[in-house]
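*Asks:* Below are the structure tokens for one structure; questions will follow.
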Ligand SMILES: [Mn+2]
């Protein structure tokens, strides 16, 4: 685990830029998750509280279970920074987004007068902002946004604080993943002190599945198999989504469920799309999700990463399976 940045005035540059801008454009990454959406929603609330003009959006739509977050009705899917380009005096804020490829069109060609603030917790962040604040020690971008809000002294509404809590619990698996630190708990305690009710958020997040999502999960779980005694794999065909009437985001929790299998320290979900297979990887042992993803041109966190393979579904499964087993054999024999 890396160490936390120094505690004093960590955010002075970010605060200078954001307070100097009259308009903020807050961006989420492709296939936005609870962390990106919760962080962005809270920042949009902060902007409104400060009297800023604000817009927010991202390449994709918001999954329905996050529609309870503040100002989702203003979120713009497919937001484009080309036409028209942002005016001088605008600050663009990219949240939870490690690469420009995961952001909106036009992110790479902003006018020089426009600041791009890059707030993230991915260790492999490309540092594409004019201001970058990357803290790989943070459990989530939500944890970073809370520290920013706290240092700035902005008072958030209870709904905005709930959005930050949503961001944090989404990325740290309800305080169970290894990214969870004492600081993560302290930030959450601050949110509870200010009125956030964990049971309410848990109900909103965990009890919002549709029958379609449940059926999709059933299909994926019924196919799960364990390879080499430590790696669990499963897959979904494009047709499975069509047959069940489920959305891409309905497959989000499947990977985590593979860890309920005894002895499993690596998991992979293969999702077929047009001409490629999306591979979502999780790990908590000798083989790291990120190293496998990187070998195939992908990236992400150490223990949660992904890549796209231009292969058939069986070929993609075989390619990942071979590398994971080979890496595991090398790693475990090196430990002896
Ligand atoms: Mn995140």
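Residue numbers (this note's numbering): 353 to 688. We put the beta carbon where it would ideally sit given N, CA and C, even for glycine.
#1: Does ligand 1 have even one heavy atom less than 6 Å from the beta-carbon of residue 493?
#2: For residue 443, which residues from the same chain have a beta carbon less than 7 Å from its beta carbon, with the 5 sequence-adjacent residues on both sides left out?
#3: Which two residues bound the contiguous beta strand (DSSP E) that contains residue 635?
#4: Would you mind working out which of 428, 675, 546, 540 sits nearest residue 414, comparing C-alpha positions?
#5: Any heavy atom of ligand 1 inside 6 Å of the beta-carbon of residue 604?
#6: What does the alpha-carbon distance come out to for the pair residue 461 and residue 434?
#7: Please report the Cβ distance between residue 572 and residue 621, rounded to the nearest whole angstrom; I am assuming they are in contact, meaning their Cβ atoms lie under 8 Å.
#8: Beta-carbon within less than 8 Å of residue 616's beta-carbon, same chain only, minus the 5 sequence neighbours each way: which residues are those?
#9: Select from 464, 614, 618, 500 the residue whose C-alpha is nearest the C-alpha of residue 607.
#10: CB-CB under 8 Å to residue 677, same chain, minus the five flanking residues each way: which ones, in chain order?
#11: Any heavy atom of ligand 1 inside 6 Å of the beta-carbon of residue 487?
#12: Is the CB-CB distance between residue 500 and residue 546 below 7 Å?
#13: Should residue 523 be counted as a contact of ligand 1 given a C-beta to heavy atom distance under 6 Å?
#14: Below 6 Å, is the gap between the Cβ of residue 457 and the nearest heavy atom of ligand 1?
#15: Classify residue 595 as buried or exposed, calling it buried when 16 or more other Cβ atoms lie within 10 Å of its own Cβ.
#16: Count the other C-beta atoms from every protein chain shown that fall within 10 angstroms of the C-beta of residue 354, then say buried if there are 16 or more, exposed otherwise.
#17: Measure the C-alpha to C-alpha separation of residue 522 and residue 529 and round it to an integer number of angstroms.
#18: State buried or exposed for residue 464, treating a residue as buried only when at least 16 other CB atoms are found within 10 Å of its CB.
#19: Just how far apart, CA to CA, sit residue 639 and residue 451?
#20: To the nearest whole angstrom, what separates the beta carbons of residue 658 and residue 685, a pair I think is in contact under 8 Å?
#21: Could you spell out the range, first to last residue, of the alpha helix (DSSP H) harbouring residue 426?
#22: To the nearest whole angstrom, what separates the beta carbons of residue 515 and residue 394, a pair I think is in contact under 8 Å?
#23: Taking C-beta to C-beta, are residue 704 and residue 645 nearer than 7 Å?
#24: So, using beta-carbon positions, are residue 389 and residue 456 closer together than 7 Å?
#25: Return the CA-CA distance between residue 673 and residue 510, expressed in angstroms with no decimal places.
#26: At which residue ranges does the segment 638-675 contain complete alpha helix (DSSP H) runs of 4 or more residues, listed in the order of the chain?
#27: Taking the C-alpha atoms as reference points, what is the distance between residue 660 and residue 453?
#28: Identify, in the order they occur along the chain, each residue of the same chain with its Cβ nearer than 6 Å to the Cβ of residue 446, setting aside the five sequence neighbours on each side.
#29: On a Cα-Cα basis, can you pick out the residue from 405, 418, 365 that is closest to residue 557?
#30: Determine the DSSP secondary structure at residue 614, reduced to helix, strand or coil.
*Replies:* The structure says:
#1: yes
#2: 369, 370, 373, 376, 467, 469
#3: 628-635
#4: Nearest option by C-alpha distance: 428.
#5: no
#6: One C-alpha to the other measures close to 8 Å.
#7: 7 Å
#8: For residue 616, where only same-chain residues beyond five positions count, the Cβ hits under 8 Å are 578, 582, 583, 584, 610.
#9: 618
#10: Cβ-Cβ distances below 8 Å link residue 677 to 579, 580, 583 in the same chain, with the five nearest sequence neighbours on each side left out; the list follows chain order.
#11: no
#12: no
#13: yes
#14: Flag unset: Cβ of residue 457 not near ligand 1.
#15: Classification for residue 595: exposed.
#16: Any reading at residue 354 must be qualified, since the residue scores a pLDDT of 42, below 50, and its modelled position is unreliable; no value is offered.
#17: 10 Å
#18: Note on residue 464: under 16 other CB atoms within 10 angstroms of its CB, so exposed under the neighbour-count rule.
#19: 24 Å
#20: The beta carbons of residue 658 and residue 685 sit about 28 Å from each other, so the pair does not count as a contact at 8 Å.
#21: Per DSSP, residue 426 is not a residue of any alpha helix (DSSP H), being assigned neither H nor E.
#22: 4 Å
#23: There is no way to answer for residue 704, as the model of the chain reaches only from 353 to 688.
#24: no
#25: 46 Å
#26: 641-647
#27: 13 Å
#28: 379, 455, 470
#29: 418
#30: Under the three-state reduction of DSSP, residue 614 is assigned to coil, being neither helix nor strand.
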